[in-house]
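Residue numbers (this note's numbering): 1444 to 1678.
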């Protein structure tokens, strides 16, 4: 079986305003709903844990009630204090609610990447079956420099070997939980994405299909771009 942990536990402080960014509407549709629709449309997901702040759980359920096509197989659960906490809450929920087998897979995704596609989700699943873990990524189009002090360039890695990491990030369920639960508090503080959990335990993470349109909506300036993308990619 394949499970999806949709991480919407943040409060969107960089976006400004009082409402977490997953509830912002893009051309009349909440970001959260656009993301959930993609996971419904891919047709391979058996259960979805939507991780949100405790104070927004009822509000989230209210939104979902207006979009039944997006709410199928979705359970609203409490997010953690940080990304790692939300991942752990989702894993614990699935372990409690389903009979997890050695072949099961977990797909993790940022709720505020609403232009994920069924192809991206499926690509991650296939790569995880082969390698154990995978992350969506795209080749870097920018030259990246390294500077330890933020003032002087010390090195410039070869751009052809650099990739921009996105989500979804997908893993064999039991292996991911084993890695996640073994992290120390210090290690958890260093986790910036789910793939870091795997890599901290020396497990392979393969590259799977990403897209330049698979943007993460973080700042107010991202909204106009998202509205344009919504017009061309999905209704």
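Cβ atoms here follow ideal geometry from the backbone N, Cα and C, with glycine treated the same way.
Beta-carbon contacts of residue 1611 that lie in its chain and below 7 Å, excluding the five residues immediately before and after:
1550, 1551, 1552, 1559, 1563, 1564, 1567 and 1579.
How long is the line joining the alpha carbons of residue 1661 and residue 1463, rounded to whole angstroms?
10 Å
Three or more beta-carbon pairs under 8 Å between the region 1593-1612 and the region 1518-1536, yes or no?
no
Whole-angstrom C-beta distance between residue 1479 and residue 1519, which should lie under 8 Å:
Wrong, their Cβ atoms sit about 11 Å apart, outside the cutoff.
Cβ-based neighbour list, residue 1410, same chain, cut-off 8 Å, excluding 5 preceding and 5 following:
What is shown of the chain runs 1444 to 1678, which leaves residue 1410 out entirely.
At which residue ranges does the region 1484-1559 contain complete beta strand (DSSP E) runs of 3 or more residues, listed in the order of the chain?
1490-1495, 1517-1521 and 1548-1553
In the DSSP output, which residue or residues are listed as bridge partners for residue 1651?
1579
Figure out for me which residue from 1604, 1569, 1570 and 1590 has the closest Cα to the Cα of residue 1583.
Proximity to residue 1583 across 1604, 1569, 1570 and 1590 peaks at 1604, based on C-alpha coordinates.
Beta-carbon spacing of residue 1576, residue 1615 below 9 Å
yes
Bridge-paired residues (DSSP) for residue 1610:
Bridge partners of residue 1610: none, in fact.
In three-state DSSP terms, what is residue 1678?
Confidence at residue 1678 is low in this model, with a pLDDT of 44, below 50, so the placement of that residue should be treated as unreliable; the coordinate-derived value is given next. Residue 1678: coil per DSSP, three-state reduction.
Which residues bound the beta strand (DSSP E) around residue 1447?
1445-1450
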